[in-house]
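Inspection log for the structure reproduced underneath, given as C-alpha coordinates.
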Amino acid sequence: MRKFPRQRILAFFLCALAANFAFAASTTSDIPQRKRQSPEVVRVLSANIRFPLDADNGTGNEWQLRKELARDVLLAQDADIICFQEFRKQHLEFLKDYFPGHARAGFVEGPDERKANTIFYSTKRFEKIAEGGVFLSPTPDVYRSKFEESASVRNVTRLHLRDRKTGRELMIWNTHLDHKYQTARDKQAAALVEQIKKRPADIPQIITGDFNCTAKTQAINTIKAGGFTDTYTALHGPADPGYTYHGFNGHNYGKSYGKIDFVFCNDRLRPTVAEIIKDSRVIDGVRRYPSDHYFVSTEFEYAKTKK
(Lines of atoms letter the chains of each structure in order from A and count residues from 1; the text may use other names and numbers.)
(Lines give C-alpha, C1' and ligand atoms only; values in the text may rest on other atoms or scores of the structure.)
Protein backbone atom coordinates (compact mmCIF):
# COMPACT_ATOMS: atom_id res chain seq x y z
CA MET A 1 0.00 0.00 0.00
CA ARG A 2 1.39 3.39 -1.03
CA LYS A 3 2.03 5.86 1.79
CA PHE A 4 1.60 9.60 1.31
CA PRO A 5 3.63 12.19 3.22
CA ARG A 6 1.77 14.01 5.96
CA GLN A 7 2.44 17.33 4.25
CA ARG A 8 0.68 16.17 1.09
CA ILE A 9 -2.32 14.89 3.04
CA LEU A 10 -2.52 18.15 4.98
CA ALA A 11 -2.29 20.21 1.79
CA PHE A 12 -5.07 18.14 0.20
CA PHE A 13 -7.24 18.58 3.30
CA LEU A 14 -6.73 22.35 3.35
CA CYS A 15 -7.56 22.66 -0.36
CA ALA A 16 -10.72 20.62 0.09
CA LEU A 17 -11.68 22.70 3.12
CA ALA A 18 -11.17 25.94 1.20
CA ALA A 19 -13.21 24.64 -1.73
CA ASN A 20 -16.04 23.60 0.57
CA PHE A 21 -15.94 26.95 2.32
CA ALA A 22 -16.12 28.84 -0.97
CA PHE A 23 -18.95 26.59 -2.14
CA ALA A 24 -20.87 27.18 1.08
CA ALA A 25 -20.41 30.91 0.69
CA SER A 26 -21.84 30.73 -2.83
CA THR A 27 -24.96 28.82 -1.79
CA THR A 28 -26.41 30.99 0.98
CA SER A 29 -30.16 30.53 1.05
CA ASP A 30 -31.06 34.23 1.30
CA ILE A 31 -29.30 35.20 -1.94
CA PRO A 32 -30.95 33.58 -4.99
CA GLN A 33 -28.62 31.68 -7.28
CA ARG A 34 -28.93 32.78 -10.90
CA LYS A 35 -29.39 29.82 -13.22
CA ARG A 36 -28.22 30.04 -16.80
CA GLN A 37 -30.51 29.52 -19.76
CA SER A 38 -27.86 27.24 -21.23
CA PRO A 39 -24.21 26.33 -20.58
CA GLU A 40 -23.23 28.10 -23.80
CA VAL A 41 -24.20 31.65 -22.79
CA VAL A 42 -21.63 34.16 -21.57
CA ARG A 43 -22.69 35.93 -18.40
CA VAL A 44 -21.21 39.38 -17.69
CA LEU A 45 -21.65 41.35 -14.48
CA SER A 46 -20.89 45.05 -13.96
CA ALA A 47 -20.36 45.92 -10.30
CA ASN A 48 -19.54 49.29 -8.78
CA ILE A 49 -18.39 47.86 -5.47
CA ARG A 50 -17.89 51.22 -3.67
CA PHE A 51 -14.37 52.14 -2.68
CA PRO A 52 -13.61 52.11 1.06
CA LEU A 53 -14.32 55.56 2.49
CA ASP A 54 -13.70 56.91 5.97
CA ALA A 55 -17.11 58.55 5.70
CA ASP A 56 -18.71 55.08 5.77
CA ASN A 57 -17.17 54.20 9.14
CA GLY A 58 -19.83 53.82 11.78
CA THR A 59 -22.69 53.68 9.28
CA GLY A 60 -22.80 49.91 8.92
CA ASN A 61 -21.87 50.27 5.26
CA GLU A 62 -18.08 50.09 5.61
CA TRP A 63 -16.38 47.36 3.58
CA GLN A 64 -15.48 45.24 6.58
CA LEU A 65 -19.17 44.93 7.48
CA ARG A 66 -20.54 44.33 3.98
CA LYS A 67 -17.79 42.24 2.43
CA GLU A 68 -19.45 38.87 3.14
CA LEU A 69 -22.70 40.10 1.63
CA ALA A 70 -20.86 41.46 -1.41
CA ARG A 71 -19.06 38.13 -1.80
CA ASP A 72 -22.30 36.15 -1.61
CA VAL A 73 -24.08 38.36 -4.14
CA LEU A 74 -21.14 38.20 -6.55
CA LEU A 75 -20.84 34.42 -6.28
CA ALA A 76 -24.58 33.94 -6.74
CA GLN A 77 -24.39 35.50 -10.21
CA ASP A 78 -22.14 32.72 -11.53
CA ALA A 79 -20.60 35.25 -13.91
CA ASP A 80 -17.94 34.37 -16.45
CA ILE A 81 -16.75 37.97 -16.44
CA ILE A 82 -17.06 40.49 -13.58
CA CYS A 83 -16.28 44.12 -14.39
CA PHE A 84 -15.64 46.15 -11.25
CA GLN A 85 -15.58 49.88 -10.69
CA GLU A 86 -14.02 51.54 -7.60
CA PHE A 87 -12.06 48.35 -6.96
CA ARG A 88 -9.28 48.66 -4.40
CA LYS A 89 -6.68 46.49 -2.66
CA GLN A 90 -9.04 45.77 0.24
CA HIS A 91 -11.56 44.27 -2.16
CA LEU A 92 -8.94 42.14 -3.89
CA GLU A 93 -7.45 40.84 -0.64
CA PHE A 94 -10.82 39.54 0.49
CA LEU A 95 -12.41 38.37 -2.75
CA LYS A 96 -9.51 36.67 -4.54
CA ASP A 97 -9.74 33.43 -2.54
CA TYR A 98 -13.42 33.03 -3.40
CA PHE A 99 -12.82 33.21 -7.14
CA PRO A 100 -10.01 30.67 -7.64
CA GLY A 101 -11.13 29.98 -11.20
CA HIS A 102 -10.92 33.62 -12.22
CA ALA A 103 -7.89 35.65 -13.28
CA ARG A 104 -7.61 39.40 -12.87
CA ALA A 105 -7.02 42.00 -15.56
CA GLY A 106 -6.69 45.74 -15.15
CA PHE A 107 -5.05 48.98 -16.08
CA VAL A 108 -2.91 50.87 -13.57
CA GLU A 109 -4.51 54.27 -13.10
CA GLY A 110 -2.82 55.79 -10.07
CA PRO A 111 0.46 56.21 -8.18
CA ASP A 112 -0.57 53.50 -5.71
CA GLU A 113 -0.71 50.97 -8.58
CA ARG A 114 -4.45 50.55 -8.15
CA LYS A 115 -6.55 49.01 -10.90
CA ALA A 116 -9.93 50.55 -10.19
CA ASN A 117 -11.65 49.14 -13.28
CA THR A 118 -10.51 45.60 -12.61
CA ILE A 119 -11.98 42.66 -14.52
CA PHE A 120 -12.24 39.09 -13.21
CA TYR A 121 -12.64 36.47 -15.93
CA SER A 122 -13.08 32.70 -15.89
CA THR A 123 -9.90 30.95 -16.99
CA LYS A 124 -11.90 27.78 -17.60
CA ARG A 125 -14.07 29.57 -20.15
CA PHE A 126 -11.56 32.06 -21.57
CA GLU A 127 -7.92 32.46 -22.41
CA LYS A 128 -6.43 35.94 -22.41
CA ILE A 129 -5.10 37.31 -25.67
CA ALA A 130 -4.18 40.76 -24.37
CA GLU A 131 -5.07 43.38 -21.79
CA GLY A 132 -4.45 47.09 -21.49
CA GLY A 133 -6.17 50.41 -21.30
CA VAL A 134 -5.97 54.13 -21.86
CA PHE A 135 -6.91 57.34 -20.10
CA LEU A 136 -10.09 58.98 -21.31
CA SER A 137 -8.52 62.26 -22.32
CA PRO A 138 -7.27 64.19 -25.37
CA THR A 139 -3.95 62.35 -24.88
CA PRO A 140 -5.04 58.80 -23.95
CA ASP A 141 -1.52 57.38 -23.70
CA VAL A 142 -0.27 60.11 -21.35
CA TYR A 143 -0.20 58.88 -17.76
CA ARG A 144 -3.06 60.28 -15.63
CA SER A 145 -4.16 62.74 -18.29
CA LYS A 146 -7.73 64.05 -18.32
CA PHE A 147 -10.08 66.46 -20.01
CA GLU A 148 -10.04 69.96 -18.59
CA GLU A 149 -13.71 69.61 -17.65
CA SER A 150 -13.18 66.36 -15.73
CA ALA A 151 -13.14 66.41 -11.93
CA SER A 152 -10.81 63.42 -11.82
CA VAL A 153 -8.70 61.12 -13.97
CA ARG A 154 -10.75 58.46 -15.76
CA ASN A 155 -9.70 55.45 -17.81
CA VAL A 156 -10.96 52.33 -19.53
CA THR A 157 -9.65 48.80 -19.07
CA ARG A 158 -9.52 46.67 -22.21
CA LEU A 159 -9.50 42.86 -22.10
CA HIS A 160 -9.21 40.72 -25.23
CA LEU A 161 -10.24 37.09 -24.75
CA ARG A 162 -10.73 33.87 -26.68
CA ASP A 163 -13.68 31.67 -25.72
CA ARG A 164 -12.42 28.14 -25.13
CA LYS A 165 -15.86 26.67 -25.91
CA THR A 166 -16.43 28.36 -29.24
CA GLY A 167 -13.06 29.69 -30.34
CA ARG A 168 -14.66 33.12 -30.76
CA GLU A 169 -12.82 36.25 -29.68
CA LEU A 170 -14.40 38.68 -27.25
CA MET A 171 -13.33 42.17 -26.19
CA ILE A 172 -14.42 43.82 -22.94
CA TRP A 173 -14.21 47.54 -22.18
CA ASN A 174 -14.79 48.48 -18.54
CA THR A 175 -14.99 52.12 -17.47
CA HIS A 176 -16.25 54.66 -14.93
CA LEU A 177 -17.06 58.15 -16.16
CA ASP A 178 -16.72 61.46 -14.31
CA HIS A 179 -18.91 61.83 -11.23
CA LYS A 180 -19.48 65.60 -11.45
CA TYR A 181 -19.70 67.07 -14.93
CA GLN A 182 -21.82 65.97 -17.87
CA THR A 183 -19.56 67.79 -20.34
CA ALA A 184 -16.67 65.64 -19.13
CA ARG A 185 -18.75 62.47 -19.44
CA ASP A 186 -19.75 63.38 -22.97
CA LYS A 187 -16.11 63.82 -23.99
CA GLN A 188 -15.01 60.65 -22.17
CA ALA A 189 -17.68 58.59 -23.95
CA ALA A 190 -16.51 59.98 -27.30
CA ALA A 191 -12.90 59.14 -26.41
CA LEU A 192 -13.94 55.59 -25.53
CA VAL A 193 -15.70 55.12 -28.86
CA GLU A 194 -12.60 56.39 -30.68
CA GLN A 195 -10.53 53.70 -28.97
CA ILE A 196 -13.03 51.02 -29.93
CA LYS A 197 -12.95 52.11 -33.57
CA LYS A 198 -9.27 51.16 -33.65
CA ARG A 199 -10.20 47.50 -33.12
CA PRO A 200 -11.52 45.09 -35.76
CA ALA A 201 -15.26 45.64 -36.21
CA ASP A 202 -16.02 41.93 -36.55
CA ILE A 203 -14.99 41.08 -32.96
CA PRO A 204 -17.83 40.72 -30.43
CA GLN A 205 -17.42 43.60 -27.99
CA ILE A 206 -18.97 44.57 -24.65
CA ILE A 207 -18.83 47.87 -22.78
CA THR A 208 -19.56 47.89 -19.05
CA GLY A 209 -19.44 50.55 -16.41
CA ASP A 210 -20.81 53.21 -14.14
CA PHE A 211 -21.52 56.04 -16.56
CA ASN A 212 -22.85 58.45 -13.92
CA CYS A 213 -25.56 59.53 -16.37
CA THR A 214 -28.80 58.18 -17.77
CA ALA A 215 -29.82 56.85 -21.16
CA LYS A 216 -31.08 60.24 -22.39
CA THR A 217 -27.69 61.97 -22.17
CA GLN A 218 -25.25 62.72 -24.96
CA ALA A 219 -22.68 60.35 -23.45
CA ILE A 220 -24.98 57.33 -23.76
CA ASN A 221 -26.18 58.42 -27.19
CA THR A 222 -22.53 58.56 -28.28
CA ILE A 223 -22.03 54.94 -27.18
CA LYS A 224 -25.14 53.89 -29.09
CA ALA A 225 -24.09 55.83 -32.18
CA GLY A 226 -20.81 53.93 -32.01
CA GLY A 227 -22.69 50.72 -32.79
CA PHE A 228 -23.58 49.54 -29.29
CA THR A 229 -26.91 48.51 -27.77
CA ASP A 230 -28.02 48.94 -24.16
CA THR A 231 -28.72 45.30 -23.33
CA TYR A 232 -31.27 46.05 -20.61
CA THR A 233 -33.33 48.27 -22.91
CA ALA A 234 -33.09 45.73 -25.72
CA LEU A 235 -34.85 43.15 -23.55
CA HIS A 236 -37.08 45.24 -21.28
CA GLY A 237 -38.04 48.20 -23.43
CA PRO A 238 -37.08 51.89 -23.40
CA ALA A 239 -38.78 52.94 -20.15
CA ASP A 240 -36.25 53.88 -17.47
CA PRO A 241 -36.28 51.04 -14.89
CA GLY A 242 -35.31 53.39 -12.06
CA TYR A 243 -32.09 54.15 -10.28
CA THR A 244 -29.09 51.85 -10.00
CA TYR A 245 -27.34 54.19 -7.55
CA HIS A 246 -29.21 54.07 -4.23
CA GLY A 247 -26.77 55.24 -1.55
CA PHE A 248 -27.15 52.00 0.47
CA ASN A 249 -30.88 52.69 0.85
CA GLY A 250 -32.26 50.31 -1.76
CA HIS A 251 -35.93 50.91 -2.54
CA ASN A 252 -36.05 53.55 0.21
CA TYR A 253 -33.73 55.85 -1.71
CA GLY A 254 -35.52 59.17 -1.91
CA LYS A 255 -33.95 60.46 -5.11
CA SER A 256 -34.02 58.93 -8.56
CA TYR A 257 -31.23 59.71 -10.99
CA GLY A 258 -32.31 56.82 -13.20
CA LYS A 259 -30.24 53.91 -14.44
CA ILE A 260 -26.57 54.90 -14.65
CA ASP A 261 -24.91 51.45 -14.71
CA PHE A 262 -24.84 49.77 -18.12
CA VAL A 263 -23.84 46.74 -20.14
CA PHE A 264 -23.65 47.44 -23.89
CA CYS A 265 -22.83 45.11 -26.78
CA ASN A 266 -22.24 45.35 -30.51
CA ASP A 267 -24.17 43.38 -33.14
CA ARG A 268 -21.84 40.38 -32.89
CA LEU A 269 -23.60 39.45 -29.65
CA ARG A 270 -27.24 38.85 -28.77
CA PRO A 271 -28.39 39.60 -25.21
CA THR A 272 -30.82 37.00 -23.85
CA VAL A 273 -31.19 37.97 -20.18
CA ALA A 274 -30.53 41.32 -18.47
CA GLU A 275 -31.07 42.04 -14.79
CA ILE A 276 -30.60 44.76 -12.21
CA ILE A 277 -29.35 42.89 -9.14
CA LYS A 278 -31.23 44.12 -6.05
CA ASP A 279 -30.15 41.46 -3.55
CA SER A 280 -29.84 42.51 0.09
CA ARG A 281 -29.67 41.01 3.57
CA VAL A 282 -31.06 41.97 6.96
CA ILE A 283 -28.16 42.27 9.40
CA ASP A 284 -28.87 43.11 13.04
CA GLY A 285 -32.34 44.26 12.09
CA VAL A 286 -31.19 46.57 9.28
CA ARG A 287 -31.45 45.84 5.57
CA ARG A 288 -27.96 46.05 4.06
CA TYR A 289 -26.69 46.10 0.49
CA PRO A 290 -23.40 44.94 -1.05
CA SER A 291 -22.72 48.42 -2.46
CA ASP A 292 -24.29 51.83 -2.95
CA HIS A 293 -25.03 50.73 -6.53
CA TYR A 294 -27.12 47.84 -7.75
CA PHE A 295 -25.02 45.51 -9.87
CA VAL A 296 -26.22 44.82 -13.44
CA SER A 297 -25.82 41.65 -15.49
CA THR A 298 -26.43 40.33 -18.99
CA GLU A 299 -26.28 36.90 -20.59
CA PHE A 300 -25.12 36.74 -24.20
CA GLU A 301 -25.18 34.41 -27.13
CA TYR A 302 -22.80 34.92 -30.02
CA ALA A 303 -24.53 36.14 -33.14
CA LYS A 304 -24.06 34.03 -36.23
CA THR A 305 -20.92 34.98 -38.09
CA LYS A 306 -21.66 37.34 -40.93
CA LYS A 307 -20.44 36.23 -44.33
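If you use mature numbering (1 follows the signal peptide of the UniProt record, and there is no 0), the sequence shown corresponds to residues -24 to -1, 1 to 283, in order.
By construction, the Cβ of each residue, glycine as well, lies at the ideal position given by its N, Cα and C atoms.
The alpha-carbon of Gly77 is positioned some 14 Å away from that of Leu68. Fewer than three beta-carbon pairs drawn from the segment 161 to 179 and the segment 214 to 221 are found closer than 8 Å, and the two stretches are therefore not classed as touching. Leu153 and Lys104 have their alpha carbons spaced roughly 25 Å apart. Considering only Ile7, Thr159, Val18 and Leu41, the residue with the shortest C-alpha distance to Ser98 is Val18. If you draw a 10 Å sphere on the C-beta of Gln53, you find 16 or more other C-beta atoms in it, and that means buried. Within the same chain, Cβ atoms closer than 7 Å to the Cβ of Val262 are found at Gly36, the five residues on either side in sequence being excluded. For Glu103, the uninterrupted beta strand (DSSP E) run begins and ends at Phe102 to Phe111, by DSSP. At least 8 Å separates the beta-carbon of Arg42 from that of Phe102. With a 10 Å radius around the Cβ and a threshold of 16 neighbouring Cβ atoms, Arg26 comes out buried. In this structure, DSSP gives Leu21 an extended state, which the three-state scheme calls strand.
According to DSSP, Ile253 shares a beta bridge with Phe271. At a Cβ-Cβ threshold of 8 Å, Val20 and Ser273 count as neighbours. The C-alpha of Gly109 lies about 26 Å from the C-alpha of Leu29. Under the DSSP definition of a beta bridge, Arg264 partners with Arg257. Val49: member of the alpha helix (DSSP H) spanning Trp39 to Ala52, first to last residue. Here Phe27 is not bridged, per DSSP, to any residue. Non-local beta-carbon contacts of Ser121 in its own chain, meaning distances under 6 Å to residues more than five positions away in sequence, involve Phe111, Ser113 and Thr115 in chain order.
Bridge partners of Ser98 according to DSSP: His78.
Inter-residue distance for Phe276 and Gln158 is about 30 Å (C-alpha atoms, whole angstroms). Taking 8 Å as the upper bound for CB-CB distance, Ile148 and Ile95 are in contact here, some 6 Å apart.
Check the Cα spacing between Leu45 and each of Gln61, Asn33, Leu71 and Ser22: the tightest is with Leu71. Membership of Arg134 in the beta strand (DSSP E) is indicated by the continuous run Asn131 to Asp139. Going by DSSP, Asp117 is part of no beta strand (DSSP E) at all; its letter is neither H nor E. Spatial neighbours of Tyr270 in its own chain (CB-CB distance under 6 Å, excluding positions within 5 residues in sequence) are listed in chain order as Thr220, Ile252, Ile253 and Lys254.
In terms of Cα proximity to Arg12, the closest of Gln40, Ala55, Leu50 and Asp32 is Ala55. The beta carbons of Asp186 and Gln61 sit closer together than 8 Å.
Residue burial is scored here from C-beta neighbours: Pro176 has fewer than 16 other C-beta atoms within 10 angstroms and is therefore classed as exposed. The alpha-carbon of Thr151 is positioned some 6 Å away from that of Thr184. A residue is called buried when at least 16 other Cβ atoms come within 10 angstroms of its Cβ; Ser5 does not meet this threshold and is exposed.
Glu124 and Leu137 do not touch by the CB rule: their CB atoms are close to 35 Å apart, not below 8 Å. If you look at Asp186, you'll find it in the beta strand (DSSP E) that goes Gln181 to Asp186.
If the five residues before and after Gln9 are omitted, its C-beta is found closer than 6 Å to the C-beta atoms of Ala52, all from its own chain and listed in chain order.
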